[in-house]
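Every letter in the sequence shown is one number past the one before it in this note's numbering, and letter 85, counting from 1, is 87. As structure tokens, the structure follows; a few thoughts come after it.
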Amino acid sequence: MQSSSKLFPVTLISAELRGDLSEDVYRLKPGNSPDASVELALTRLGRADRETTRGVPVVLIPGSFSNRRFWYSPKSIGLGPYLARAGYDVWIAEMRGHGLSPRNQRYKHNKVSDYVRYDLPAIADFIHEQNPQPVHWMGHSLGGIILAGALGGHYLQQTRVASVVLFGSQVSRIYWPLKVPPVEWGSRLLLKSFSVISGPRLKRGPEDEPIGLALESLRWHGLLGRFGDADKDWWAGLIDVQVPVMAVAAEGDHQDPAWACRKLMEQFGSPLREFLCLGKKQGFSSDFGHVEMLVSKQAQLEVWPLVEQWVRKSPEVAAQLAMQPDRDEASAVSADQA
């Protein structure tokens with residue numbers, strides 16, 4: 003079968019019409035990581051009546067224990083279809099071993115650093131080949147952490163990035179017991195006896211997570227831990243990232259609190275940074291939760307339009323700021339918005 007890409011083997015595994023939308027599902031085999039068995043599923047959504055014209059690309063990355071259905075339900079409801087109907091070229095990425103991406107041979111040992119160093123750059127290259135316009139990247143929870151790591155580690159080319167939106171993503175919440183070395187060592191020893199963490203069993207979501215992710219998180223939150231891999235400090239590298247960034251937090255999110263989400267955004271060096279907190283105090287109908295910020299009737303009415311508004315305005319505003327080198331740095335970060 004002929005590859006859909008000149009970069010590496012890519013198979014178009016399905017091409018369907020879903021009502022007013024077209025759905026193409028690709029399977030990439032980039033062969034750029036130590037595990038050559040890795041294959042990545044990438045779903046593209048577009049308007050069925052505009053297949054000859056590609057809009058601005060938007061890439062959506064699910065969080066932990068999740069897959070493409072977080073953004074795109076079987077009934078074609080979600081932020082993905084919403085943006086596709088607005089004319090954007092929407093791509094939904096599933097990391098190795100999630101959703102339509104098969105489990106690789108070393109699935110147990112998969113880490114965020116694998117997603118950051120190998121998977122996301124391959125996905126970015128393929129999308130650029132299909133649609134060579136700057137991309138708007140969006141990630142929820144772990145998906146946003148993956149994006150931040152790829153940018154902080156300089157694994158994504160900033161010239162190809164139009165903007166970044168982080169939903170409920172943070173790396174600054176402190177787990178004090180893990181700062182005690184014997185506790186961290188004991189936790190690591192216990193986790194190594196497992197191969198996966200079951201999302202369905204723990205009622206966290208439809209997908210499992212490899213134990214490698216949990217072990218990596220222990221290292222980040224340990225006494226001398228940092229957000230990065232063995233080669234690069236991703237946190238420090240975010241200072242050099244100049245792409246527009248918006249962080250969305252929720253007042254009712256006890257897993258990834260608003261202050262920590264804001265701290266991640268403020269680490270970016272971008273002249274255009276916006277922080278949006280979803281809560282009654284900010285004028286929203288409720289204090290949204292970690293999932294409800296994107297998957298709920300209220301999100302459909304109150305949050306999705308704000309995201310689409312950001313996608314439309316961010317490149318233009320960034321271009322204007324770039325022409326004002328003497329601007330007041332304090333104006334770079336907006337106040338909480340309703």
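Backbone N, C-alpha and C define an ideal beta-carbon position, used for all residues, glycine too.
Pair within 7 Å by beta-carbon distance, residue i and residue j
i: Leu308; j: Gln269; result: no
i: Pro246; j: Leu280; result: no
i: Gly82; j: Ala43; result: no
i: Glu310; j: Ala88; result: yes
i: Gly154; j: Trp236; result: yes
i: Arg108; j: Asp210; result: no
i: Phe67; j: Arg206; result: yes
i: His130; j: Ala164; result: no
i: Leu85; j: Val61; result: no
i: Ala252; j: Gly291; result: yes
i: Asn133; j: Val40; result: no
i: Ser174; j: Lys265; result: yes
i: Gln244; j: Gly271; result: yes
i: Gly30; j: Val58; result: It is worth fixing the name first, because residue 30 is Leu in this sequence and not Gly. No. Outside cutoff.
i: Ala124; j: Asn34; result: yes
i: Ser6; j: Leu14; result: yes
Option in the options with minimal Cα separation from residue i
i: Leu23; options: Gly33, Thr45, Gln107 and Gly65; result: Thr45
i: Phe169; options: His156, Phe128, Ala216 and Met248; result: Met248
i: Lys110; options: Ser5, Ile213 and Met267; result: Ile213
i: His256; options: Glu276, Pro11, Phe277 and Glu294; result: Glu294
i: Trp312; options: Lys265, Glu276 and Leu220; result: Glu276
i: Gly48; options: Tyr74, Pro64, Asn69 and Ser39; result: Tyr74
i: Ile176; options: Met97, Ala95 and Pro259; result: Pro259
i: Lys181; options: Leu220, Ala150 and Val27; result: Leu220
i: Asp233; options: Val250, Gly151 and Leu30; result: Gly151
i: Glu304; options: Ser5, Val250, Ser316 and Tyr28; result: Val250
i: Trp93; options: Ala238, Gly285, Thr161 and Phe128; result: Phe128
i: Arg162; options: Gly201, Ser143, Leu122 and Gly99; result: Leu122
i: Gly99; options: Arg190, Pro136, Ala50 and Ser200; result: Ser200
i: Gly21; options: Val27, Phe10, Ala50 and Glu218; result: Ala50
i: Gly254; options: Gln284, Leu217 and Gly227; result: Gln284
i: Val27; options: Glu96, Lys77 and Phe72; result: Glu96
i: Val166; options: Phe72, Met267, Arg228 and Tyr120; result: Met267
i: Phe72; options: Ala126, Gly141 and Gln135; result: Gly141
Start-to-end residues for the alpha helix (DSSP H) that takes in residue i
i: Tyr345; result: The structure shown has nothing for residue 345, since the chain only spans 3 to 340.
i: Pro202; result: Gly201 to Leu204
i: Phe196; result: It is not in any alpha helix (DSSP H) - Phe196 carries neither H nor E in the DSSP assignment.
i: Ala124; result: Leu122 to Gln132
i: Ala216; result: Ile213 to His223
i: Arg264; result: Ala260 to Gln269
i: Leu144; result: Leu144 to Gly154
i: Glu304; result: Lys299 to Glu304
i: Ala238; result: Trp236 to Gly239
Assigned exposure category for residue i - 16 Cβ within 10 Å defines buried
i: Asp91; result: buried
i: Trp261; result: exposed
i: Gln172; result: buried
i: Ile79; result: exposed
i: Lys8; result: exposed
i: Ala17; result: exposed
i: Phe196; result: exposed
i: Pro184; result: exposed
i: Leu19; result: exposed
i: Glu344; result: Residue 344 is absent from the structure shown; the chain starts at 3 and stops at 340.
i: Pro32; result: buried
i: Asp116; result: buried
i: Leu192; result: exposed
i: Arg343; result: Summary: the structure shown does not reach residue 343, with the chain confined to residues 3 through 340, and so no result is reported for it.
i: Pro64; result: buried
i: Arg329; result: Note that Arg329 has pLDDT 45, beneath the 50 cutoff, so the model's placement of it is unreliable and no number is given.
i: Asp242; result: exposed
i: Ile147; result: buried
i: Ser316; result: buried
i: Ala238; result: exposed
i: Ser103; result: buried
i: Ser143; result: buried
Whole-angstrom C-beta distance between residue j and residue i, which should lie under 8 Å
i: Tyr157; j: Val118; result: 6 Å
i: Gly224; j: Glu186; result: 5 Å
i: Arg190; j: Leu215; result: Wrong, their Cβ atoms sit about 13 Å apart, outside the cutoff.
Range covered by the beta strand (DSSP E) that runs through residue i
i: Ile63; result: Pro59 to Ile63
i: Asp91; result: Asp91 to Glu96
i: Phe169; result: Val163 to Phe169
i: Leu44; result: Leu42 to Arg49
i: Trp73; result: First-last for Trp73: undefined, no H or E at that position.
i: Ile15; result: Val12 to Arg20
i: Phe277; result: Arg275 to Leu280
Min CB distance residue i to chain C below 7 Å
i: Pro32; result: Among the chains of the structure shown, chain C does not appear; only one protein chain is present.
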